[in-house]
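J.: I am attaching a structure below and will ask some questions about it afterwards.
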Amino acid sequence: MTHIEKQIQDLTERLGYIEDIFGNRENANIALLRSKLNDFKAQLSSLDSGQLKRQLSSLGDLFLFLENKLEKELTPMDKVRIVRHPQRICLKDILENVYDNYTEIGGKDEYSIDPSMIIARAYITRKVGKKTYKQPVMVMGQEKGHGEEFRNGGSVKPWGNAKALEYMKVAETENIPIHTYIFTPGAFPIEDYPGAAQQIAKNIYVMAGLKVPVVAVFSEGGSGGAEAIGLADTRIMLSHGYYSVISPEGAAAIEGRLRDGQRSTPELVERCARQLKISAKDNLEMGYVDRILQEPPLGARAENFDFFKKLRHEVILATDEIVLSVRGMKLFRALALRKLSNPNIYVRWSLSPKSRERLTWQRYQKFMAMSRKFLLDNTSILEKSFSRINDYSWSVYAFLRYEFLGRHQRKITHLAEDVQGEVQALFGKMLSKGSRIISKIPGLKKEKKEACELTTLSSWESGISWDEHCRYISPQANKDRTVTCPNSDKFGCLDLWAPDLFSDFAGVCSYCGHHFPMEYEWYLFNVFDPRSIREFNSKIESSNPLSFDGLDIKLEQAKKSSGHKSACMTFEASIKGIRVVVAMLMARFRGGSVGVAEGEKFIRAAETARRKHLPFFAYIHGTAGIRIQEGTSGVIQMPRCTLAVRRYLELGGLYLVLYDTNSYAGPVASFLGCSPYQFAVRSANIGFAGPGVIRETTGQDIQPHYHKAFMTLSRGHIQGIWDRREIRNNLHQALMTMGGEFLYFR
Amino acid sequence: MKRNKVLIANRGEIALRIMQACLDLDVEFTCVYTREDSNSEHCTEALKKGGEKALYRISSYQDPNELFAVADASGCTAVHPGYGFFAEDFRFARRVEQRSKKLSFIGPSWKVIQELGDKINTKRLARKLEVPTVPGSDKPIFDDLEAEELASSLFSFQKEMGVEQPVILVKASAGGGGMGIEEVGDLDRFRTVLRRIKSYARRQFRDEGVLIEQRIFDFNHLEVQILGDHHGGVVHFGTRNCTVQSSGRQKRIEVAPGFDPENISYAFDASRVLSDITEYSLRMAREVGYDSVGTWEWIISPTGHPFLMEVNTRIQVENGVSAIISRIRGHEVNLIREQIRVGLGSRLGYQQKDIVFKGMGIEYRILAEDPDNNFIPWVGRIENFSWPDHPWLRMYTHVPVNRPYDIPTEFDPNLALGIVWGENLDQAKRRGKMFLDKLVLEGFNPSGEPLKSNVDFLRRNTDKLLVF
Amino acid sequence: MIDITSLLEEIKKAPYKELTVFTPHSGRIEFALKEAGTTVHGASGVWNEKPGTLLAYLTREGNRKPVYAPEKGELVMFHDIDDHQFVQAGTPLLKIRHFLTKQEVIDIILKKALHLFLAPEKGRYYFVSAIDTKLKAKGLGHVNIRQGDEVLIISRMKRETVLVYDGPGGIIYTTYFNSSDSVEVGSPLLGVCPNNQVEEIKEVVARIQSGWEEKQ
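Chains as they are written, first to last, in the working numbering: chain A, 1 to 746; chain B, 1 to 468; chain C, 1 to 216.
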């Protein structure tokens with residue numbers, strides 16, 4: 001191939017790329033390029049070499065000029081096409097060009113537990129003066145591999161994320177920073193152990209407390225898959241990347257209420273992409289990424305070597321900054337670093353124990369601050385300040401009660417127990433003899449009374465006596481009709497009369513035990529002690545941070561029909577006298593989806609439980625996932641809530657999750673899935689993606705009971721299944737057995 | 001009486017008797033049957049007496065939805081549940097009343113069924129009214145220590161009462177029908193049994209509560225027949241003795257009245273016992289506002305102490321034996337007819353003093369079974385079934401006499417009820433034996449073996465009736 | 001050994017079976033299909049999760065339940081029932097002509113050709129462990145049994161009895177029961193092929209496999 005031919009081919013490819021990026025949209029600039037190139041190709045044989053050279057160079061200039069021009073016309077959807085393009089830079093390119101050397105861990109092409117996740121130990125060499133430093137880094141991220149089939153488009157399976165988690169822990173042990181690169185359209189929705197959702201939840205939970213600096217670089221940040229390795233101290237976004245709660249096509253399918261098989265129009269997809277505010281600029285403005293790394297026009301491709309240099313500079317700088325920000329003597333060097341922007345100042349990347357503590361606290365605060373500006377809180381100033389004072393006094397009380405007194409009391413109790421044990425061992429026999437003698441003396445009198453009790457009426461309080469007006473009657477019980485149990489073919493269940501089924505039977509088939517869905521109110525009335533529920537933060541409202549079309553109306557309707565301001569209700573209540581803090585997600589409010597308000601309420605509930613030293617119980621009546629219309633503001637609730645839960649747990653709390661009806665996606669893949677004690681009501685379906693989404697993303701049908709509680713239990717995702725009629729007893733027992741000796745708090 | 005139509009939600013002989021009662025009262029009826037039961041005489045009779053539209057095929061007698069669908073389709077205004085199936089199901093009775101197309105339930109109101117259907121509740125109600133009950137707990141016990149204390153005091157209580165080898169029963173309080181019950185003869189074994197029953201109850205009923213009661217041996221089983229209306233009237237129709245039972249505690253012979261103090265000597269004042277249990281039963285019936293036929297079941301200890309066992313809130317198989325000795329203004333009583341009448345809202349129209357008892361009644365339950373071999377049911381085809389009629393005999397059966405009949409295996413194995421009446425016990429017994437001697441019941445099973453019946457067992461037991 | 005060829009000819013004369021669809025319970029009927037001649041299909045999907053063709057709705061006590069076609073075939077006749085009429089349980093609704101598939105033809109022929117070991121009483125049946133392990137290892141068509149072998153266990157009312165095989169020795173060619181379902185008296189349990197006929201049977205099966213045309 002001659003030099004000329006190569007140049008022509010190069011230009012043809014560039015045109016092809018541009019056409020790919022702009023989809024089917026007609027554009028004068030592209031048409032111009034196409035015709036100029038075709039003209040040139042047509043005249044090719046009639047031109048001499050001088051003309052060829054000249055024309056080629058002017059054609060090249062035209063390409064450059066128009067590429068720059070087209071760059072300004074890119075729509076969000078074009079950017080989605082850019083990051084998905086096979087020519088897009090991939091992690092392998094970055095490992096080759098950004099790091100000075102690397103060893104891939106646990107995989108060679110398709111020979112890997114999951115070829116869509118790459119992990120590598122790499123190092124960066126820095127020369128300072130005459131000295132050369134090699135700084136080790138753990139690099140991990142999704143690999144799209146320029147369209148290689150086995151990379152699965154960077155859609156990571158649960159075991160790929162598990163592998164990543166394993167090496168995050170290795171990095172922590174080795175005290176080296178982690179660089180993650182996010183190139184994923186989303187995680188692969190498969191439930192086999194360790195399970196898509198549950199594994200992502202574990203990753204987020206561990207990252208929430210990782211004691212080494214983490215830098216994340218976002219190219220394609222597709223929701224849950226991105227969060228699996230995205231909880232970082234510094235989040236850099238490539239200028240042509242996207243970071244979103246859902247793919248624009250997915251959002252369009254939901255917005256257009258499409259049934260399977262139907263395709264949404266390109267216009268709708270385009271509109272969704274724009275409304276979801278998925279671009280780097282949007283995410284920077286909203287505060288979900290820390291900075292943007294500018295890419296060459298129309299996006300970085302494998303041959304943009306300058307770009308890799310910039311990326312290298314950026315990640316080194318980010319790591320340096322994180323390290324310096326938690327070091328004791330940070331001020332001077334950090335300033336110098338930023339001002340001079342000189343990457344050659346050497347910063348050691350390992351952290352001292354003190355700095356590690358500061359690092360996780362800093363990360364906690366960073367994420368807690370996110371999305372708060374979108375919070376719609378209608379609590380009046382007076383109420384707010386009152387609750388603040390209340391919170392503060394609880395903190396003081398908790399400190400005195402548990403930290404100060406508690407510690408001493410524990411010591412005294414332990415001592416007392418030891419002494420008692422000794423005494424028992426020594427005098428046990430003597431004592432028991434004595435007690436028998438003693439018990440005989442008043443015996444006569446007692447037996448008379450007993451004989452009487454054997455034949456006459458005894459006194460008896462039969463459990464809780466429910467007030468008539470305190471009973472909950474399901475609206476489903478008000479219709480004179482019968483209901484067929486879905487298991488009737490298998491177990492021969494007869495049709496059930498709705499008024500019996502939804503009242504006496506608590507929505508449970510009396511033949512086979514199948515659980516029909518019940519409203520969340522049923523639980524409020526039948527699980528907690530009567531009149532013990534005290535709601536808080538009820539005035540925090542679900543809002544529309546992205547001004548997404550139509551969401552305002554939908555929210556208004558949901559608020560009206562449910563009587564709640566958000567899908568999350570938080571309250572204190574008691575179960576057989578034990579106080580607990582409860583966060584409940586209600587399926588009736590926008591499918592129980594989680595957005596800014598729900599996340600914030602959940603976090604505040606966890607904080608209340610922490611302050612008051614109470615067990616924290618998440619009752620998930622149902623959740624469809626993150627509220628997609630809130631975009632990244634929704635997604636960010638995954639790490640935020642998980643951080644709050646982790647903080648609560650680390651300080652000794654008991655966190656229980658109970659799933660009912662359907663629980664899917666983001667919440668399960670983060671703050672719910674990370675609980676060590678997850679239970680499900682028999683009616684529950686639990687998973688990462690619903691059957692429709694699975695069919696759409698994997699092209700496979702799934703078996704009818706794929707997400708049922710029993711399947712979930714046998715996969716090891718949850719710890720037990722509870723009969724609805726026994727929730728109250730089971731919950732009480734769980735609190736008694738799992739809770740520690742001091743108020744269920746270590 | 002306004003036009004009523006009764007859905008007979010049952011099968012076999014009780015369906016036939018209800019049908020006859022409806023005809024007597026000039027009330028229309030609808031019968032149901034299932035595939036297995038299409039040869040039963042109640043189907044033939046329904047078609048004969050009620051015509052084509054009086055018989056509906058349903059998928060199961062146990063499916064309430066079928067019954068309601070048929071009730072609506074055939075324009076019924078009331079449901080008679082018979083015995084078994086839905087007779088004591090308060091939810092069924094409630095649905096009858098609360099569904100959008102309301103019907104009358106021919107039986108007690110659902111609240112009464114619920115109240116008296118709960119054994120603990122019944123026992124507590126009895127104790128509240130100072131009606132004697134089996135010594136032991138009257139509430140579910142959850143605490144092991146409390147249970148043990150109660151067990152030990154129950155042992156010493158029995159010793160004091162002169163029981164030489166006291167035994168107690170440990171029952172799952174949520175159980176019933178003989179499931180989850182164990183006997184304990186000495187206190188050392190109590191703890192193991194308690195554990196076992198508790199874990200059984202937890203698995204089976206999701207409720208760990210247990211009841212602990214005295215086990216009474218060698219008792220007689222007596223019943224009091226009660227009838228009440230919707231307007232506060234309550235009367236009784238005497239007592240019955242149901243002591244002759246199969247090894248599986250199923251009644252085989254019932255005698256009315258319950259004892260015969262004039263001709264048999266008892267170790268206690270038998271007429272006093274009869275009047276006591278009648279009084280106690282009426283006391284409870286009045287307290288709950290009992291508004292249909294019902295039976296109070298009693299255990300009489302060998303020393304003549306009565307204990308209330310349970311209340312059956314339904315018409316019973318053996319209702320005819322009380323009816324045959326009862327006269328109101330000179331007429332023989334039909335309790336099913338009375339039940340339908342009050343069920344449709346009528347007043348009793350008579351008082352206790354109008355009810356006169358005359359003579360003795362014995363009811364024989366005739367079954368194809370092997371009394372020498374644990375009363376195992378015999379299954380096969382009945383070829384010949386006949387008996388001579390007598391004015392003192394009432395015979396109730398759903399087995400056709402003019403054609404062979406395959407005994408269905410899905411249902412209660414009762415084939416026929418023969419009720420004889422006599423001036424006194426002696427005559428009744430003689431007539432009973434005469435009836436049994438002349439009864440022809442023959443057939444073969446698929447392997448050609450001849451039919452086994454309990455007729456000999458019934459005859460053998462006739463001599464000892466009412467002796468205690 | 002029976003005459004397979006003539007049997008096959010006989011089946012070919014009427015290569016279908018007719019199924020009558022009955023109402024499972026009483027209720028008001030609404031036909032979804034009204035024309036004879038309509039093609040219907042049975043449940044499908046990997047897990048049989050997609051129901052067959054909707055034939056009618058049966059409404060009882062406010063519960064409108066679909067009645068689906070049990071198998072693939074052609075709707076040949078409707079019984080004389082008015083739409084929206086109340087029907088009793090077990091009322092015949094319509095008839096479906098189902099054309100036999102290869103497997104069904106093979107089953108018919110095998111039932112005639114093999115020695116069938118019948119259920120002596122109603123109950124659940126399963127293999128004794130010795131035979132069970134052999135079957136799991138070798139598969140159907142490879143395990144020998146002889147007269148007098150203990151072969152099955154009957155489980156009835158929680159009572160278990162061992163059942164001895166009485167019939168000509170041979171290999172267990174096919175089974176007709178499922179250990180989770182109760183088997184009626186006289187239903188076949190096993191199809192046993194005498195050793196000297198194995199080859200013939202195999203040949204017949206192969207012939208049907210290649211020669212039978214399934215009608216759609």
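All C-beta atoms, glycine included, are put in the ideal place defined by N, C-alpha and C.
Owing to the predicted nature of the structure, the values given are computational and were not obtained by experimental measurement.
Go to residue 394 of chain A, then tell me how far its alpha helix (DSSP H) extends in each direction, as first and last residue.
T.: Numbered from its first residue, the first sequence carries residue 394 of chain A at position 394. It spans 381 to 398 - the alpha helix (DSSP H) in which residue 394 of chain A sits, taken as one unbroken run.
J.: Assign residue 572 of chain A to one of three DSSP states: helix, strand, or coil.
T.: Position 572 of the first sequence, counting from 1, holds the residue named residue 572 of chain A. The answer is strand: DSSP assigns residue 572 of chain A an E or B state.
J.: Can you tell me whether residue 246 of chain B is helix, strand or coil according to DSSP?
T.: Translated into the one-based positions of the second sequence, residue 246 of chain B becomes position 246. DSSP places residue 246 of chain B in coil when its eight states are reduced to three.
J.: If we ignore side chains and look at the alpha-carbon of each, how far apart do residue 30 of chain C and residue 514 of chain A end up?
T.: Looking up residue 30 of chain C in the third sequence gives position 30. Looking up residue 514 of chain A in the first sequence gives position 514. Between residue 30 of chain C and residue 514 of chain A, the C-alpha separation is close to 29 Å.
J.: Listing by chain order, which chain C residues have their CB less than 9 Å from the CB of residue 495 of chain A?
T.: As a first step, residue 495 of chain A must be located in the first sequence, where it is residue number 495. Within chain C, the residues near residue 495 of chain A are 25, 60, 61, 63 and 65.
J.: Answer with yes or no whether the minimum CB distance from residue 704 of chain A to chain C is below 7 Å.
T.: The count along the first sequence starts at 1 and reaches residue 704 of chain A at position 704. Yes, contact with chain C.
J.: Using only alpha-carbon positions, find the residue among A/656, A/18, A/729 and A/599 that is nearest to residue 666 of chain A.
T.: Position 666 of the first sequence, counting from 1, holds the residue named residue 666 of chain A. Here the closest residue by C-alpha is A/599.
J.: Does residue 396 of chain B come out as helix, strand or coil in the three-state DSSP assignment?
T.: For the purposes of this step, residue 396 of chain B is taken as the residue at position 396 of the second sequence. Strand.
J.: Here's a check: name, in chain order, each residue in its chain whose Cβ is nearer than 7 Å to the Cβ of residue 121 of chain B, leaving out the five neighbours to either side.
T.: Along the second sequence, one-based indexing puts residue 121 of chain B at 121. Cβ neighbours of residue 121 of chain B beyond the five flanking positions: 115.
J.: Please classify residue 265 of chain A as buried or exposed, where buried requires at least 16 neighbouring CB atoms within 10 angstroms.
T.: Stepping through the first sequence from its first residue, residue 265 of chain A is reached at position 265. When all chains shown are included, residue 265 of chain A counts as exposed.
J.: Considering only heavy atoms of the ligand MG, does any lie closer than 6 Å to the CB of residue 600 of chain A?
T.: Ligands in the displayed structure: none, and consequently the ligand MG is not present.
J.: Report yes if the C-beta distance between residue 357 of chain B and residue 325 of chain B is below 7 Å; otherwise report no.
T.: If you number the second sequence from 1, residue 357 of chain B lands on position 357. If you number the second sequence from 1, residue 325 of chain B lands on position 325. In contact: residue 357 of chain B and residue 325 of chain B (Cβ atoms closer than 7 Å).
J.: Check the Cβ of residue 46 of chain C against every Cβ in chain A and list those closer than 8 Å, keeping chain order.
T.: In the third sequence, counting from the first residue as 1, residue 46 of chain C sits at position 46. Result: 701 and 703.
J.: Are the CB atoms of residue 185 of chain C and residue 121 of chain C within a distance shorter than 7 Å?
T.: Counting from one through the third sequence, the residue named residue 121 of chain C turns up at place 121. Counting from one through the third sequence, the residue named residue 185 of chain C turns up at place 185. It is a contact, given that the beta carbons lie within the stated cut-off.
J.: Provide the residue span of the beta strand (DSSP E) that contains residue 307 of chain B, from first to last.
T.: Locating residue 307 of chain B in the second sequence gives position 307, counting from the first residue. Taken as a continuous stretch (DSSP letters only), the beta strand (DSSP E) holding residue 307 of chain B covers 306 to 312.
J.: Using DSSP with H/G/I as helix, E/B as strand and the rest coil, what is residue 148 of chain A?
T.: By one-based count along the first sequence, residue 148 of chain A stands at place 148. Looking at residue 148 of chain A - three-state DSSP - the assignment turns out to be coil, as it is neither helix nor strand.
J.: What residues of chain A sit near residue 154 of chain B, judged by a beta carbon separation below 7 Å?
T.: In the second sequence, residue 154 of chain B corresponds to position 154, counting from 1. Those are 454, listed as they occur along chain A.
J.: Out of B/109, B/297 and B/56, which has the shortest C-alpha to C-alpha gap to residue 72 of chain B?
T.: One-based indexing of the second sequence puts residue 72 of chain B at position 72. The residue with the shortest Cα to Cα distance from residue 72 of chain B is B/56.
J.: Where do the ends of the alpha helix (DSSP H) carrying residue 326 of chain A lie?
T.: Locating residue 326 of chain A in the first sequence gives position 326, where the first residue counts as 1. It spans 305 to 326 - the alpha helix (DSSP H) in which residue 326 of chain A sits, taken as one unbroken run.
J.: Taking just the CA atoms, how far does residue 172 of chain B sit from residue 574 of chain A?
T.: On the first sequence, position 574 is the one that residue 574 of chain A refers to. On the second sequence, position 172 is the one that residue 172 of chain B refers to. Cα to Cα, residue 574 of chain A sits roughly 30 Å from residue 172 of chain B.
J.: Hey, would you say residue 23 of chain C sits closer than 7 Å to residue 87 of chain C, going by beta carbons?
T.: Position 23 of the third sequence holds residue 23 of chain C. Position 87 of the third sequence holds residue 87 of chain C. Going by C-beta atoms, residue 23 of chain C is nearer than 7 Å to residue 87 of chain C.
J.: Per DSSP, which one or two residues make a beta bridge with residue 89 of chain A?
T.: Residue mapping note: residue 89 of chain A aligns to position 89 of the first sequence, counting from 1. Answer by DSSP bridge pairing: none, since residue 89 of chain A is not bridged.
J.: Could you say if the stretch 96 to 112 of chain A and the stretch 53 to 70 of chain A meet the contact criterion of at least three C-beta pairs nearer than 8 Å?
T.: Too few Cβ pairs lie closer than 8 Å, so no.
J.: Using a beta-carbon distance below 7 Å, is residue 69 of chain B in contact with chain C?
T.: Against the second sequence, residue 69 of chain B aligns to sequence position 69. At least one chain C Cβ lies under 7 Å of residue 69 of chain B.
J.: Compute the beta-carbon to beta-carbon distance between residue 193 of chain A and residue 632 of chain A, rounded to the nearest angstrom, for a pair I have assumed lies under 8 Å.
T.: Residue numbering aside, residue 193 of chain A sits at position 193 when the first sequence is read from its first letter. Residue numbering aside, residue 632 of chain A sits at position 632 when the first sequence is read from its first letter. Between residue 632 of chain A and residue 193 of chain A the Cβ distance is about 30 Å, and since that is not below 8 Å, they are no contact.
J.: Residue range of the beta strand (DSSP E) that residue 296 of chain B falls in?
T.: Within the second sequence, the letter at position 296 stands for residue 296 of chain B. Run containing residue 296 of chain B: 293 to 300, per the beta strand (DSSP E) assignment.
J.: May I ask you to list the residues that DSSP assigns as paired with residue 174 of chain C?
T.: Stepping through the third sequence from its first residue, residue 174 of chain C is reached at position 174. For residue 174 of chain C, which the question treats as bridged, DSSP gives the partners C/191.
J.: In angstroms with no decimal places, state the Cα-to-Cα distance between residue 378 of chain A and residue 138 of chain B.
T.: Locating residue 378 of chain A in the first sequence gives position 378, counting from the first residue. Locating residue 138 of chain B in the second sequence gives position 138, counting from the first residue. Approximately 55 Å, taken between the alpha carbons.
J.: What does the alpha-carbon distance come out to for the pair residue 737 of chain A and residue 311 of chain B?
T.: Counting from 1 along the first sequence, the entry for residue 737 of chain A is found at position 737. Counting from 1 along the second sequence, the entry for residue 311 of chain B is found at position 311. One C-alpha to the other measures close to 42 Å.
J.: Quick one: is residue 22 of chain C near chain B, going by C-beta distance under 7 Å?
T.: Here residue 22 of chain C refers to the residue found at position 22 when the third sequence is read from its first residue. Residue 22 of chain C does not count as touching chain B.
J.: So, under 8 Å CB-CB, residue 228 of chain B and residue 285 of chain B are touching, yes? Tell me the CB distance rounded to an integer number of Å.
T.: As a working mapping, residue 228 of chain B is identified with position 228 in the second sequence. As a working mapping, residue 285 of chain B is identified with position 285 in the second sequence. Going by Cβ atoms, the distance from residue 228 of chain B to residue 285 of chain B rounds to 6 Å, so yes, they are a contact pair.
J.: Can you give the Cα-Cα distance for residue 96 of chain B and residue 77 of chain B, rounded to whole angstroms?
T.: Working through the second sequence from its first residue, we reach residue 96 of chain B at position 96. Working through the second sequence from its first residue, we reach residue 77 of chain B at position 77. Cα-Cα distance, rounded: 10 Å.
J.: Which term fits residue 439 of chain A, buried or exposed, when burial requires 16 or more other beta carbons within 10 angstroms of its beta carbon?
T.: Along the first sequence, read from residue 1 onward, the residue named residue 439 of chain A stands at position 439. Unreliable placement is indicated for residue 439 of chain A, whose pLDDT of 42 sits below 50; the coordinate value is still reported in the next sentence. Its Cβ having fewer than 16 others within 10 Å, residue 439 of chain A is exposed.
J.: From residue 170 of chain C to residue 383 of chain B, what does the alpha carbon distance come to, in whole angstroms?
T.: In the third sequence, the residue the question calls residue 170 of chain C occupies position 170. In the second sequence, the residue the question calls residue 383 of chain B occupies position 383. If I take the Cα positions, the gap works out to 42 Å.
J.: When Cβ atoms are compared, which residues of the stretch 61 to 93 of chain B fall closer than 8 Å to chain C?
T.: If the cut-off is 8 Å between Cβ atoms, the stretch 61 to 93 of chain B has 63, 65, 66, 68, 69, 70 and 73 near chain C.
J.: For a test of the three-state rule: what should DSSP assign to residue 44 of chain B, helix, strand or coil?
T.: Taking the first residue of the second sequence as 1, we reach residue 44 of chain B at position 44. Correct three-state label for residue 44 of chain B: helix.
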